[in-house]
Structure formats: C-alpha cells, structure tokens
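The structure appears below as structure tokens.
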Amino acid sequence: MPGLSVACGDAVGGSDDSSGDEHAFEDALDATAVLDHYATTIDLEGDGVAVGSTEYDGYPIRRAETEHGTAFLEGELYDVEDPDAHLERVAAMIADDDLEGLRAWVGARDGDYLLAVADGDAVAMLNDPFGRLPAYTATIGGATVCSRELGFVRALASGRDDPLELDRLALAQLLSFGYPLGNRTPFAEVRTVPPGSLVRFGDATDSACESTADAGPRIESLYEHDFDDCTNDDRDVETNADELADRIATACQRRASPDRPTVVSLSGGLDSRIAAAAYDASDLPATATTFQRGGGSDAEVGAAGAVAKRLGLDWRVYDVESSPERRRTLLETKQGTNYLGMAFILDFFEQLRNRHGTATYVTGDGGDKVLVDLEPATTPGSESELVDHAIAANSRLSLETAADVANVDADAIRASVAQRIGSYPESDLARRYVHFLVRERGVNFLVQGEDRNRYYAWSVSPFYALPVFEYAMNCPDDQKAYRGLVAAILERFDPGLVDLPYPNYGAPISTRRYRAKQFVYDALERYPAIRGRVVDLVTGDGATPGLATEAIRGDLPWLDRAGLSAAATAGVLESPEAHSRIQFQYLSTVTALARAVVTDAESESPPEAAATPATSVQGAGAEGAGGHSTTSDGDRMPDADPADEQPTPGPRSARAER
Numbered sequence: 000m001p002g003l004s005v006a007c008g009d010a011v012g013g014s015d016d017s018s019g020d021e022h023a024f025e026d027a028l029d030a031t032a033v034l035d036h037y038a039t040t041i042d043l044e045g046d047g048v049a050v051g052s053t054e055y056d057g058y059p060i061r062r063a064e065t066e067h068g069t070a071f072l073e074g075e076l077y078d079v080e081d082p083d084a085h086l087e088r089v090a091a092m093i094a095d096d097d098l099e100g101l102r103a104w105v106g107a108r109d110g111d112y113l114l115a116v117a118d119g120d121a122v123a124m125l126n127d128p129f130g131r132l133p134a135y136t137a138t139i140g141g142a143t144v145c146s147r148e149l150g151f152v153r154a155l156a157s158g159r160d161d162p163l164e165l166d167r168l169a170l171a172q173l174l175s176f177g178y179p180l181g182n183r184t185p186f187a188e189v190r191t192v193p194p195g196s197l198v199r200f201g202d203a204t205d206s207a208c209e210s211t212a213d214a215g216p217r218i219e220s221l222y223e224h225d226f227d228d229c230t231n232d233d234r235d236v237e238t239n240a241d242e243l244a245d246r247i248a249t250a251c252q253r254r255a256s257p258d259r260p261t262v263v264s265l266s267g268g269l270d271s272r273i274a275a276a277a278y279d280a281s282d283l284p285a286t287a288t289t290f291q292r293g294g295g296s297d298a299e300v301g302a303a304g305a306v307a308k309r310l311g312l313d314w315r316v317y318d319v320e321s322s323p324e325r326r327r328t329l330l331e332t333k334q335g336t337n338y339l340g341m342a343f344i345l346d347f348f349e350q351l352r353n354r355h356g357t358a359t360y361v362t363g364d365g366g367d368k369v370l371v372d373l374e375p376a377t378t379p380g381s382e383s384e385l386v387d388h389a390i391a392a393n394s395r396l397s398l399e400t401a402a403d404v405a406n407v408d409a410d411a412i413r414a415s416v417a418q419r420i421g422s423y424p425e426s427d428l429a430r431r432y433v434h435f436l437v438r439e440r441g442v443n444f445l446v447q448g449e450d451r452n453r454y455y456a457w458s459v460s461p462f463y464a465l466p467v468f469e470y471a472m473n474c475p476d477d478q479k480a481y482r483g484l485v486a487a488i489l490e491r492f493d494p495g496l497v498d499l500p501y502p503n504y505g506a507p508i509s510t511r512r513y514r515a516k517q518f519v520y521d522a523l524e525r526y527p528a529i530r531g532r533v534v535d536l537v538t539g540d541g542a543t544p545g546l547a548t549e550a551i552r553g554d555l556p557w558l559d560r561a562g563l564s565a566a567a568t569a570g571v572l573e574s575p576e577a578h579s580r581i582q583f584q585y586l587s588t589v590t591a592l593a594r595a596v597v598t599d600a601e602s603e604s605p606p607e608a609a610a611t612p613a614t615s616v617q618g619a620g621a622e623g624a625g626g627h628s629t630t631s632d633g634d635r636m637p638d639a640d641p642a643d644e645q646p647t648p649g650p651r652s653a654r655a656e657r
C-alpha cells in the first residue's frame with residue numbers, strides 16, 4: 000500500500016540501544032513495494048525514529064519543515080489553499096497539546112488524510128473522521144510502529160524474529176460479518192487507528208491519554224460521530240435536496256485535480272449516477288468507466304451507458320478476469336482485509352492505469368449510508384434485541400460455524416458485538432444501529448475496499464466529504480424512503496436521470512413498479528433470515544464453490560498450527576450445499592492467511608501440503624469470485640453479500656464494498 004510508515008523506540012535501527020537488525024525498517028519498507036510502479040523512500044531516520052514512505056508517481060504525499068519538526072501529509076486537504084500552512088498549524092497544536100484546537104481543525108476539514116509530525120524522538124499522527132486511509136499500530140520488541148500497510152508490520156515483526164500471530168476473535172468476526180469489529184485486525188498484536196484520532200509515540204505521549212497497551216501508542220479521540228439528532232428534519236425535501244446538491248457539487252469540484260485525470264466509476268446504481276451528474280453539472284473534465292466479467296449483464300451495461308450518454312461522457316467498458324497472480328497480490332497487499340474473491344478488480348485497475356496513468360477515481364461510495372434509511376424496520380426494545388438484530392441482519396456465516404473454525408466461543412462473538420454497540424454515544428437504540436452500519440460495515444469493510452483501489456489510483460467519493468456526510472445524516476428518514484431524497488438530488492443536476500432504468504429493481508425510481516418492489520424488500524427487512532432465503536432463491540446462481548473448496552483443503556494442514564480448527568473447517572467442506580459460494584470465498588481468505596502466517600513463523604511445511612504449495616492463493620476466489628451484489632441503496636457493488644449474489648457476472652463500477 001502506498002503511504003507512510005513510522006517506527007519509534009529504543010529498538011529502532013540507528014539507536015544505540017537497538018537490539019535488532021539495523022536494516023529491519025528498510026527491509027520492511029521494501030516489502031511494501033509489491034507492484035512494479037512502486038518506490039520506497041526513508042524520509043527521516045535518527046536515534047529511535049524512522050519515517051518512510053511507499054509511493055508511485057502521482058500519489059499524494061507532501062513533506063514540510065515546521066517550527067515543531069518535520070510534517071508529512073499523506074492524502075489531500077481538499078478545502079485548503081495552502082497545505083503547508085496547515086501542517087505548520089497542526090504541528091504547533093500538537094506541540095502545545097492543544098486537543099481542543101485539533102478537534103476544531105479536524106471537524107472543519109474536508110479531506111482524506113493521514114498526518115505525521117516527527118520532532119526529535121517524538122512522533123504524532125492524526126487521521127480524518129472516517130479513517131479513509133487505514134493505518135495500523137503495533138508494538139514489536141522495543142519499537143512502536145504505525146503504517147498504512149499491514150505487510151510492513153508483518154515484515155518488521157518477522158525481521159525481528161517476532162512474527163505476528165492471528166487474532167482468532169477478529170477472524171471469527173470476519174467470517175461472521177465480512178470484517179473485524181472495532182479496531183481489530185486479523186493479527187493479534189495489531190490494531191487499526193480509530194477514525195478521527197491523534198496517535199502519539201515517544202516523548203509526544205501525554206500522561207492524560209489512555210495507553211492502548213502497557214507500551215505503545217497513546218490514542219486520543221478528536222472526532223466522534225453521533226447520530227441521535229436529526230437537525231434538518233424541519234426542512235422539506237426540496238430544501239434539503241438543494242443544499243445537498245450544492246454540497247456534493249462543491250465536494251466534486253474540490254476533488255478535481257489538475258495533476259490527475261478524473262475517471263468516474265459508473266454502475267447501474269444511483270450513487271455513482273449522482274457523482275457523475277455532479278461532475279457534469281460543474282463542467283469538470285471527466286471520463287466514465289464500467290467493468291464487467293464473463294460477458295456482463297445487458298441491463299447493467301445499458302443503464303451505465305444510458306447515464307453516460309445522457310451526460311455526454313466518454314465511456315469505456317472493461318472486461319476483467321481474476322488470475323492466480325492477482326489472488327496472490329491481493330493476499331499480500333490487503334492481508335485478509337479484502338477477500339480473495341475480489342482479485343479480479345486488480346485486472347480492472349491495471350487496465351485503467353495503463354490507459355490513464357495515475358487517475359483520480361471517483362465512486363459513489365458512502366451514498367449507501369447517507370442517502371437511505373438505515374434504521375431497523377422494527378425498533379429494538381432493548382440493547383440485547385439490537386445485538387440480535389445486528390447479528391441476524393449482517394451475518395454471512397453463522398456465529399457457531401465461524402466460532403468453530405476460529406477456535407473461539409460463539410458467545411465471545413456475540414459479546415464483541417454487544418461491546419461495540421454499547422460503546423456508541425447514541426441514546427436511541429435504532430440510531431445506534433445506524434452507527435453500527437457506518438462504523439463497522441462502512442469503515443471496516445467499505446473503506447478497506449476503496450483503499451485497495453489506491454494501489455493504482457487516487458480513489459475519492461463526494462459522499463465522504465464531511466460537509467456532505469454530516470448534512471445528509473441529519474436529514475429525516477421519511478425523505479429518504481423510496482429514494483425520494485436521491486430523486487430530488489438527481490433532479491437538481493439533470494431531471495432526465497431520474498427516469499433512466501434502475502436495474503436492481505428493473506424499473507426507474509420514478510415508477511410505481513419500483514415502489515412496489517421496494518415495499519416488498521422493506522417488508523422482508525423486518526425478518527432478515529427470511530429475506531436472506533428469499534433473495535438467495537431469486538438471485539442465486541447455483542454456482543458450486545469449486546476451486547475455493549480445493550484451496551481450503553490445501554490449507555487444512557496449516558490451520559491447527561495457526562490456532563484455528565482444521566476439523567471444523569473440514570466439516571464445512573463436507574456440507575457444501577449448506578453454504579453459499581461467497582461464504583467459501585471468505586473462508587478461503589482466512590485459511591490462506593493462516594497458511595501464510597504459519598510459513599512466516601516456520602521454515603518447514605507439513606508433508607501433506609508440499610504438493611500444493613500455492614493452492615490457497617491460486618484457488619481462492621477462482622470460481623465466480625466477486626459476483627454481483629446489491630447494497631442497501633441498491634447500488635451494485637463488486638463484493639457480494641451472501642444474500643446478494645446475482646445470477647450472472649455483470650458490469651461493475653469499482654465500488655468499495657469489497
């Protein structure tokens with residue numbers, strides 16, 4: 000992953016007290032250069048501190064000397080004209096321990112960013128309120144590290160003969176929901192930096208901050224989402240649509256870069272339609288793109304093409320396929336945070352990069368959270384009922400099966416969901432469920448998928464602009480019903496877009512036919528288990544797990560040694576009819592990661608696995624990987640939920656649900 004990597008502590012190479020390889024930081028940084036267009040640089044190295052970066056031409060990383068140390072900006076501050084001045088300002092606030100000033104600064108910014116300030120042997124970092132550029136922290140020996148790349152952390156740990164172990168509860172969560180919860184990662188010793196946080200190492204630590212471990216980074220929250228209030232419910236849908244259309248257009252204007260060509264991702268869905276319309280209405284130069292697998296779906300391609308034609312956009316469709324090499328690359332880069340069924344998307348971005356170089360890639364990501372009603376259909380009567388609903392509505396694999404495979408207790412998974420829900424600030428239980436979808440699924444799943452795109456292009460979305468997000472989340476849910484707010488926004492940009500086909504429902508959103516289908520879907524939402532079965536019957540393609548199960552079998556000899564259960568995994572393989580293709584794809588991702596971790600720690604391989612050393616990566620996700628899915632807003636995404644598999648592989652914009 001392009002981006003920043005930082006190490007701080009007595010054991011960092013260059014320190015007089017270093018007990019490890021003085022080249023360990025450099026070697027770990029080199030391990031992040033997994034693609035040919037990558038280059039690595041050690042930007043700063045001194046006693047106890049090292050800062051490095053992985054970049055490609057056009058990837059945004061900025062460096063500035065301030066009165067309080069060297070400042071680094073990865074990403075973009077879209078709403079400022081002088082980024083260096085803001086780096087100076089942030090560095091001063093960090094030096095003064097001005098947390099209120101930092102909170103005000105973060106809350107006022109529109110950006111996708113990770114900042115770092117190195118001053119002597121102290122380092123401080125802060126990120127945006129959505130954690131748009133995921134970063135990971137760990138303490139390895141005497142070194143505390145923070146990196147954009149899990150592979151960097153793994154490589155540094157291995158280089159210091161302290162290889163990482165799997166976090167079995169996180170893997171159980173991943174199997175259950177498709178993502179770990181909270182700040183967990185697939186690795187026991189590694190945590191994700193929470194969105195909107197200040198992280199401090201060395202002398203930058205402050206005793207008032209709560210340490211996340213006996214030794215390591217100290218993290219202070221600078222921004223927290225709270226969805227209890229709905230401050231725009233006194234305004235009618237026309238007023239709210241006017242305001243949101245203006246804010247979306249402004250976000251698109253800010254994200255247009257003269258240094259990178261703009262490519263708008265078009266699917267048949269509504270969120271990408273709004274994004275494309277905003278660029279067109281703002282007279283911003285852009286082209287449009289869609290990708291498809293296996294010949295594609297005429298309805299999806301037709302809808303995307305109709306939008307492009309209506310807006311006069313130059314539009315190109317790319318045919319994409321997976322491959323063993325791409326599956327290996329996806330495992331090496333995303334380290335299990337993006338399931339291997341998505342490997343085909345790398346083909347798309349390879350083609351896109353070959354055609355455009357480093358582009359600004361615009362998606363409709365986040366629209367599925369801000370423009371639809373996310374509350375449960377039935378208000379939960381207790382926190383326990385809310386936990387039950389969150390599990391029923393979002394689980395991919397049963398808690399019992401996931402727990403058996405990961406070698407944990409199913410009650411521990413449920414307790415982890417309860418812990419997350421109990422940590423949210425909302426007093427209204429229905430609004431806590433909204434927080435769950437935004438924080439867990441949105442940040443831990445969708446943002447991770449979009450970040451994968453940044454291996455090749457700078458990926459942006461107007462819906463993650465804080466002014467757009469905050470305003471939209473404060474609009475009443477009754478205006479969002481039946482895509483009413485979406486339709487009103489589209490009408491502000493181009494009224495004809497409302498009447499174009501919406502393939503997920505087989506009708507434009509302006510028609511009674513659409514409303515009838517949406518009514519049925521909303522009714523089923525009250526009964527998640529039944530909805531899942533119905534959608535499976537209607538949209539399932541009946542594809543067999545095929546090579547994914549072969550990959551899992553090849554990984555079985557490694558699982559017990561990784562702390563997982565080979566017996567429970569074999570039990571899943573014995574009942575393929577009871578599990579969906581997508582469930583096998585996630586399971587194969589976990590088993591492939593387990594195999595990689597064991598081979599990190601051991602030089603030998605089990606004899607029974609010697610004949611198929613590459614099966615886990617080559618096979619995983621090979622059969623029908625990344626089939627269609629429909630999100631809660633109906634926009635189609637490349638990563639399918641178990642209840643969202645579509646009958647044929649079709650076109651896609653590279654959205655983030657990955």
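Residue numbering for the sequence shown is 0 to 657, as defined by numbering that gives the first Met the number 0. Glycine included, every Cβ here is placed at the ideal spot set by N, Cα and C. Remember, it's a predicted structure, so these values are computed and weren't measured experimentally.
Residue i, buried or exposed, once every other Cβ within 10 Å from all chains shown has been counted against 16
{"i": "E549", "result": "buried"}
{"i": "I139", "result": "buried"}
{"i": "G40", "result": "It is Thr, not Gly, that sits at residue 40 in the sequence shown. Label assigned to T40: exposed."}
{"i": "S146", "result": "buried"}
{"i": "F583", "result": "buried"}
{"i": "C229", "result": "exposed"}
{"i": "T357", "result": "buried"}
{"i": "T204", "result": "Bear in mind that the predicted position of T204 carries a pLDDT of just 46, short of 50, making it too unreliable to give a figure here."}
{"i": "G618", "result": "Because G618 sits at a pLDDT of 33, beneath the cut-off of 50, its placement in the model cannot be relied upon, and the following sentence gives the value as read from the coordinates. By the 10 Å Cβ count, G618 comes out buried."}
{"i": "A6", "result": "buried"}
{"i": "S579", "result": "buried"}
{"i": "T238", "result": "exposed"}
{"i": "V11", "result": "buried"}
{"i": "A608", "result": "With a pLDDT of only 42 at A608, under 50, the local geometry of the prediction cannot be trusted, and the value read off the model is given with reservation. Flag for A608 reads buried."}
{"i": "G45", "result": "exposed"}
For residue i, the residue or residues it bridges with in DSSP
{"i": "T286", "result": "V262, D313"}
{"i": "V658", "result": "Because the chain in this structure spans residues 0 to 657, residue 658 falls outside the shown range and cannot be described."}
{"i": "V519", "result": "The partner list for V519 (beta bridge, DSSP) is empty, contrary to what the question assumes."}
{"i": "L113", "result": "E73, N126"}
{"i": "D118", "result": "A121"}
{"i": "I60", "result": "E73"}
{"i": "Y135", "result": "S146, T191"}
{"i": "S220", "result": "S196"}
Proximity below 8 angstroms, CB of residue i to CB of residue j
{"i": "Y112", "j": "R440", "result": "no"}
{"i": "T697", "j": "Y135", "result": "The chain is shown only over 0 to 657; residue 697 falls outside these bounds and no answer can be derived."}
{"i": "G570", "j": "R167", "result": "no"}
{"i": "F444", "j": "I420", "result": "no"}
{"i": "A32", "j": "A38", "result": "yes"}
{"i": "L174", "j": "Y455", "result": "no"}
{"i": "L72", "j": "L43", "result": "no"}
{"i": "A275", "j": "V198", "result": "no"}
{"i": "D225", "j": "E66", "result": "no"}
{"i": "V361", "j": "S264", "result": "yes"}
{"i": "S415", "j": "Q172", "result": "yes"}
{"i": "G243", "j": "V467", "result": "Per the sequence shown, residue 243 should be read as Leu rather than Gly. For L243 and V467, yes; Cβs fall inside 8 angstroms."}
{"i": "A103", "j": "L86", "result": "no"}
{"i": "L345", "j": "A591", "result": "no"}
{"i": "R511", "j": "D241", "result": "no"}
Option in the options with minimal Cα separation from residue i
{"i": "P340", "options": "T588, T238, S196, N503", "result": "Checking the sequence shown, residue 340 turns out to be Gly, not Pro. When each option's Cα is compared against that of G340, the closest is T588."}
{"i": "K196", "options": "E66, E99, D346, A248", "result": "It should be noted that the sequence gives Ser, not Lys, for residue 196. The option with the nearest alpha carbon to S196 is E99."}
{"i": "A63", "options": "Y77, G483, D81, D35", "result": "D81"}
{"i": "R259", "options": "N406, T286, N337", "result": "T286"}
{"i": "A376", "options": "D410, R430, N406", "result": "R430"}
{"i": "V371", "options": "R326, A402, V433", "result": "V433"}
{"i": "V306", "options": "G293, R272, R327", "result": "R272"}
{"i": "V446", "options": "G267, V319, P194, P556", "result": "P194"}
{"i": "D24", "options": "V50, D35, P1", "result": "First, the amino acid is wrong: residue 24 is Phe here, not Asp. Comparing Cα positions, the closest option is V50."}
{"i": "G57", "options": "R88, E75, G68", "result": "E75"}
{"i": "P133", "options": "A240, F176, R451, L546", "result": "R451"}
{"i": "W314", "options": "V300, S322, E324", "result": "V300"}
{"i": "P110", "options": "L125, D97, L3, D235", "result": "Reading off the sequence, residue 110 comes out as Gly, not Pro. Selected option, being the one with the closest Cα: L125."}
Beta-carbon separation (whole angstroms), residue i vs residue j, contact threshold 8 angstroms
{"i": "T568", "j": "I581", "result": "The Cβ separation is near 16 angstroms, so there is no contact."}
{"i": "A280", "j": "A250", "result": "12 angstroms between Cβ atoms; not a contact."}
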